[in-house]
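Position in the sequence shown (first residue = 1) + 644 = my numbering. Ideal Cβ positions, reconstructed from N, Cα and C, are used throughout, including at glycine. Every value quoted in this text rests on a predicted model; they were computed, and no experiment measured them. What follows is one structure encoded as structure tokens, with my remarks underneath.
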Amino acid sequence: MSKKRFKGVVVSDKMQKTVVVLVDVPKTHPIYKKSIKNSIRLKAHNEKGAKMGDLVVIEESRPISKSKNFIVVEVAK
């Protein structure tokens with residue numbers, strides 16, 4: 645199975661080796677069929693040196709901590 649990949653913006657880099665990434669996830673309403681934009685905040689392991697405001701690509705990985713299940717794959721400013 646392929647790992648999930650998301651593209652988002654770093655909204656916090658205050659933790660050591662961890663960034664919080666805001667990802668927009670479009671969903672479709674089941675009855676009205678209108679697309680709704682939901683956003684989720686995911687914690688990702690940061691070895692690439694991403695800073696606040698950077699556009700990053702994150703990928704699903706094994707659990708690194710209690711709430712960290714993603715790794716920063718690339719920084720696409």
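- With the rule of 3 Cβ pairs closer than 8 angstroms, the stretch 654-661 does not count as touching the stretch 669-682.
- I702 sits buried, since 16 or more C-beta atoms from the chains shown fall within 10 Å of its C-beta.
- Within the stretch 652-682, the runs of beta strand (DSSP E) at least 3 residues long that lie entirely inside it are, in chain order, 662-672.
- In this structure, G652 is the residue among G652, H689 and R706 with its C-alpha nearest to the C-alpha of S683.
- Distance between E704 and T672, taken at the CA atoms: about 23 angstroms.
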